[in-house]
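Novice:
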Amino acid sequence: MKRQDIMFKRSSLSLITTTALALALGACSTTGSPRAQSAEAAAPQSDYQSNIDTYSNEELVDVVADFFGVTAEAAASVLERTFSDLGRPVGYIAGEEVSGAAGVGLRYGEGYLTLKGSPDQQKVYWQGPTIGFDAGGNASRVFTLVYRLNDTDRLYQRFPGVEGSAYLVAGMGVNYQRADGITLAPIRSGVGLRAGANVGYLAYSRQRNWIPF
Numbered sequence: 001m002k003r004q005d006i007m008f009k010r011s012s013l014s015l016i017t018t019t020a021l022a023l024a025l026g027a028c029s030t031t032g033s034p035r036a037q038s039a040e041a042a043a044p045q046s047d048y049q050s051n052i053d054t055y056s057n058e059e060l061v062d063v064v065a066d067f068f069g070v071t072a073e074a075a076a077s078v079l080e081r082t083f084s085d086l087g088r089p090v091g092y093i094a095g096e097e098v099s100g101a102a103g104v105g106l107r108y109g110e111g112y113l114t115l116k117g118s119p120d121q122q123k124v125y126w127q128g129p130t131i132g133f134d135a136g137g138n139a140s141r142v143f144t145l146v147y148r149l150n151d152t153d154r155l156y157q158r159f160p161g162v163e164g165s166a167y168l169v170a171g172m173g174v175n176y177q178r179a180d181g182i183t184l185a186p187i188r189s190g191v192g193l194r195a196g197a198n199v200g201y202l203a204y205s206r207q208r209n210w211i212p213f
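Under our numbering, the first residue of the sequence shown carries the number 1, and numbering increases by one thereafter.
(1) In whole angstroms, what separates the C-alpha of R178 from that of G111?
(2) Is DSSP giving T144 helix, strand or coil here?
(3) Quick check on T183: does DSSP put it in helix, strand or coil?
(4) Taking Cβ to Cβ, would you say A94 is nearer than 7 Å to F159?
(5) Rounded to the nearest angstrom, how far is the Cβ of L113 from that of T82, given a contact under 8 Å?
(6) State buried or exposed for T31, treating a residue as buried only when at least 16 other CB atoms are found within 10 Å of its CB.
(7) Relative to the C-alpha of G105, which candidate in S189, P129, A75 and D66 has its C-alpha closest?
(8) Quick check: L202 and V146, are their CB atoms within less than 7 Å of each other?
(9) Leaving out the 5 sequence neighbours to the left and right, which residues in its chain are closer than 7 Å to D62 when beta-carbon positions are compared?
(10) What does the alpha-carbon distance come out to for the pair E40 and P119?
(11) So the candidates are V124, I187 and L86; which of them puts its Cα closest to the Cα of Q207?
(12) Once the 5 residues before and after V218 are set aside, which same chain residues still bring their CB inside 8 Å of it?
(13) Go through its chain and collect everything with a Cβ distance to G181's Cβ below 7 Å, but skip five positions before and after it.
(14) In terms of residue numbering, what span does the beta strand (DSSP E) encompassing R228 cover?
(15) Do we get a CB-CB distance below 7 Å when we pair S77 with the residues of chain D?
(16) F159 bridges to which residues according to DSSP?
(17) Relative to the alpha-carbon of R154, which residue among E58, Y92, Y204 and N57 has its alpha-carbon at the smallest distance?
(18) Can you list, in chain order, the residues of its chain with a C-beta nearer than 6 Å to that of L21? Leave out the 5 residues immediately preceding and following it.
(19) Starting from Q231, follow its DSSP beta bridges and name the residues at the other end.
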């Protein structure tokens, strides 16, 4: 995970600065945000998983522990819940994001997509508004489990869901996002204050996009 460690340290300040500017612009904007939708749990994956490589819980425990700098026990606890709800993921996105709230919250992030069985990583960006009862800002690492993605082009779209922490396990927050049968489960850990349930969406893209609406 050294590559992501370097990215996190170098880009956090830039993301924080740009997010602050975007928040100021967003507060003055009259553009309405799309109505948020609650993400649903993924459908049973037995048939799908028989035709594509997936990660086991055991394979990801050390990866998650190293990425967040937590114990293997803490990583296993958060993965146990997501695996119970969603099954085995086909890949993951390891990265970092900055979020904040000024009436309408904004969230920006970047990371690398790794798929089971693929030697290559793909750079991924995401951005989106959050609507809810929020306070302060948050810079955090994000490890997103990816489910039922058989074509990477399908990742680059909007994923609605319940923003923020759907549940907390061992100091890490998890929520689910879903679109076109693809489910994403971002696991977040970081400093800062984010209070309440943020409802919105995240749009994933190949290039940086500072306009989240």
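Ideal placement from N, C-alpha and C gives every residue a C-beta, glycine not left out.
Specialist: The answer reads as follows:
(1) C-alpha of R178 to C-alpha of G111: approximately 19 Å in a straight line.
(2) strand
(3) strand
(4) no
(5) Actually they do not touch by this definition, with Cβ atoms about 17 Å apart.
(6) Residue placement at T31 cannot be trusted, given a pLDDT of 40 that sits under 50; what the coordinates show is reported in the next sentence. Exposed.
(7) P129
(8) no
(9) The answer, listed in chain order, is A72.
(10) Reliability fails at E40, whose pLDDT of 44 lies under 50, so the model's placement of it is uncertain and the value that follows must be treated cautiously. Whole-angstrom Cα-Cα distance: 31 Å.
(11) By alpha-carbon distance to Q207, the top candidate from V124, I187 and L86 is V124.
(12) There is simply no residue 218 to check, as the chain begins at 1 and stops at 213 in what is shown.
(13) R148
(14) Absent from the structure is residue 228, since the part of the chain shown begins at 1 and ends at 213.
(15) Chain labels in this structure do not include chain D; a single protein chain is all it has.
(16) L202
(17) Y204
(18) Caution applies to L21, whose pLDDT of 45 falls short of 50 and renders its modelled position unreliable; the model cannot decide the point.
(19) This structure does not reach residue 231, given that the chain is present from 1 up to 213, and the question cannot be answered.
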